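In the numbering used here, the protein residues as written are 2 to 214.
Single-structure report; data block below.
Now the structure itself:
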């Protein structure tokens, strides 16, 4: 292969890297924008959870006054829907915490990696400048596998290390986007929907039995 062909292939490879990095950055931006919706969902879920708790407290404190209007059977059904709404609310809160944690780690890790990469590139430039004077060309490469092994060994339990290794292997394949966090937003939305529908069902049951009475 001639020098011209080598230069052409090098530029072509560099162009592919540029396009891939840009595509990955778009996916990362879209996933982070999706993750940010968890704040709105979490606020609404919290308001609803507080409302359910206040309603349950009011019903229990005035059970002797409420039973004549909605009957024991209606009371049981209404409490069931309140409990279901509460469980869905706690589930929504759990997924919100998962998403918050993933987003925080992703953003912070990106900032730190960019900072360390900049320092690394500056050191490499200094090394290459000194190497040109004596004809030294570095053949040392950063081992991603070694980094993963050392990072995973920081965690205490083997089952936890295996789980993290599995997650990181998926990350190294996908290279972009925060799939687990995006899934968390979807599951949070489903839990919030169930939470809302359960509370609406509670209101319908109470209204029905009061009108029936």
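For glycine and all other residues, C-beta sits at the position ideal for the given N, C-alpha and C.
Given the structure is predicted, the values throughout are model-derived calculations rather than measurements.
{"Item": "Three or more C-beta pairs below 8 Å linking the segment 36 to 46 and the segment 96 to 108", "Value": "yes"}
{"Item": "Nearest residue (CA-CA) to residue 28, options 186, 179, 192 and 201", "Value": "179"}
{"Item": "Bounding residues of the alpha helix (DSSP H) (the contiguous stretch that carries residue 186)", "Value": "180 to 213"}
{"Item": "Integer Cβ distance of residue 83 from residue 156, believed to fall under 8 Å", "Value": "Between residue 156 and residue 83 the Cβ distance is about 40 Å, and since that is not below 8 Å, they are no contact."}
{"Item": "With 16 other Cβ atoms within 10 Å as the buried cut-off, status of residue 8", "Value": "exposed"}
{"Item": "Ordered list of alpha helix (DSSP H) runs contained in the segment 64 to 88, each at least 4 residues", "Value": "none"}
{"Item": "Endpoints, the alpha helix (DSSP H) within which residue 155 is located", "Value": "Per DSSP, residue 155 belongs to no alpha helix (DSSP H) and is neither H nor E."}
{"Item": "For residue 58, the first and last residue of its enclosing alpha helix (DSSP H)", "Value": "39 to 62"}
{"Item": "Closest by C-alpha distance to residue 102, when choosing among 205, 194 and 186", "Value": "186"}
{"Item": "Inter-stretch contact (C-beta, 8 Å, three-pair minimum) for the segment 204 to 213 and the segment 61 to 77", "Value": "yes"}
{"Item": "Buried or exposed by the 16-neighbour rule on C-beta atoms within 10 Å, applied to residue 16", "Value": "exposed"}
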